[in-house]
Amino acid sequence: MPLDDLPRAEFAFPGPLRDRLVAAILAGVKTSTTGLLLGYEREGEPLPHAGQRSVVLDSAEQPVAVIELTDVRVLRLADVDLQHALDEGEGDESVAQWRAGHEEFWHSPQVRAELGDPNFAVDDDTLVVAERFRLVGLVDPATGAETPVNL
């Protein structure tokens, strides 16, 4: 499928955090991610599904890689497990540490503005979308062509 036809995978907002997350994907360290179910509902977007491929965008909104989802689960925030947290590739060593970092992001002015709720806050029962993925291709910045990654 041509890259232009694939959905876009944007990790965090453009800037230093996205740069770190994309670097972790390219290094093979980040193989999971977590989003708010509310974000999908608010945008009227269908939930992603296993087998779906997406183009990873960098902070300049340029395609850099292609990932394929291997698992998608909707679960309570309190039910996120340690392996998922570790596989996010952000250096967290516990679910509590992972959750603190994600709560800081989800409670940020940017996320609250995107959700249209200046007081938005997560709790144990907040539903999240936990995705697992694998890196399947790298995108050449000069040509825009995808090169498969040997797995």
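Take the position in the sequence shown, starting the count at 1, then add 1331; the result is the number in our numbering.
In this text, a Cβ means the ideal position worked out from N, Cα and C, and glycines have one as well.
For residue i: DSSP bridge partner residues
| i | result |
| --- | --- |
| Val1459 | Leu1367 and Leu1406 |
| Val1397 | Val1386 and Gly1468 |
| Thr1474 | None; Thr1474 has no bridge partner. |
| Pro1440 | Note: Pro1440 sits in no beta bridge, so no partner. |
| Pro1479 | Gly1468 |
Member of the options whose CA lies at the smallest distance from the CA of residue i
| i | options | result |
| --- | --- | --- |
| Ala1461 | Ala1355, Ala1409 and Val1387 | Ala1409 |
| Val1480 | Leu1357, Leu1348, Thr1362 and Arg1339 | Leu1357 |
| Arg1430 | Tyr1371, Pro1472, Val1411 and Leu1334 | Val1411 |
| Gly1375 | Asp1454, Asn1450, Val1470 and Leu1446 | Leu1446 |
| Asp1456 | Pro1440, Glu1435, Pro1379 and Leu1367 | Leu1367 |
| Glu1399 | Leu1369, Gln1414, Ala1427 and His1380 | His1380 |
| Arg1407 | Val1459, Asp1336, Pro1377 and Ala1427 | Val1459 |
| Gly1382 | Tyr1371, Val1397, Ser1425 and Pro1472 | Val1397 |
| Ala1343 | Asp1335, Leu1334, Val1353 and Asp1336 | Val1353 |
Exposure label - residue i; buried when at least 16 CB within 10 Å
| i | result |
| --- | --- |
| Ala1340 | buried |
| Leu1272 | Lying before the first or after the last residue shown, residue 1272 is absent from the chain, which here runs from 1332 to 1482. |
| Asp1386 | Note that residue 1386 is Val in the sequence shown, not Asp. Burial call: buried. |
| Pro1394 | buried |
| Phe1436 | exposed |
| Val1470 | buried |
Distance between beta carbons of residue j and residue i, contact taken as under 8 Å
| i | j | result |
| --- | --- | --- |
| Gly1420 | Thr1362 | 7 Å |
| Ser1390 | Pro1345 | 4 Å |
| Arg1349 | Val1467 | Between Val1467 and Arg1349 the Cβ distance is about 20 Å, and since that is not below 8 Å, they are no contact. |
| Phe1464 | Thr1401 | 6 Å |
Ignoring anything shorter than 3 residues or poking outside the region 1336-1363, list the beta strand (DSSP E) runs there in chain order. none
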